[in-house]
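Numbering (the numbering used here), first residue to last: 1 to 101.
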């Protein structure tokens with residue numbers, strides 16, 4: 001079963017792989033990685049329920065972000081788009097974490 005934590009880990013894993021080759025976007029990649037690491041720790045502490053109102057949209061956004069980051073791994077021209085998707089997904093995850101607190 002896919003969980004928000006799994007989707008978050010997928011994004012982190014691929015961003016880590018491309019971080020050294022991000023070029024002009026490297027600062028944004030490292031900033032997002034810092035945010036994702038913190039969210040992963042917060043998610044492990046908060047353990048929101050999958051039935052929570054914002055859980056499914058956050059999971060879907062994180063899954064979409066993972067797909068875009070994987071596409072950017074193959075085509076560096078898609079990195080800016082992928083970073084926007086990750087940023088949007090982190091915002092949705094923040095709403096889940098805010099409601100779980």
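Just so you know, even glycine gets a beta-carbon here, dropped at the ideal spot from N, CA and C.
Secondary structure at residue 98: helix, using DSSP grouped into helix, strand and coil. Boundaries of the alpha helix (DSSP H) around residue 26: 26 to 46. For the pair of segments examined, the segment 18 to 34 was found to touch the segment 60 to 78: the number of CB pairs separated by less than 8 Å reaches three.
The residues 88, 89 and 92, in chain order, have a CB closer than 7 Å to that of residue 61 in the same chain once the five nearest residues on each side in sequence are set aside. For residue 6, the enclosing alpha helix (DSSP H) has its first and last residue at 4 to 18. It is roughly 18 Å from the alpha-carbon of residue 68 to the alpha-carbon of residue 3.
With fewer than 16 other Cβ atoms from the protein chains shown falling within 10 Å of its own Cβ, residue 38 counts as exposed. Residue 53 counts as exposed, since fewer than 16 other beta carbons sit within 10 angstroms of its beta carbon.
DSSP places residue 58 inside the alpha helix (DSSP H), whose first and last residues are 55 to 74.
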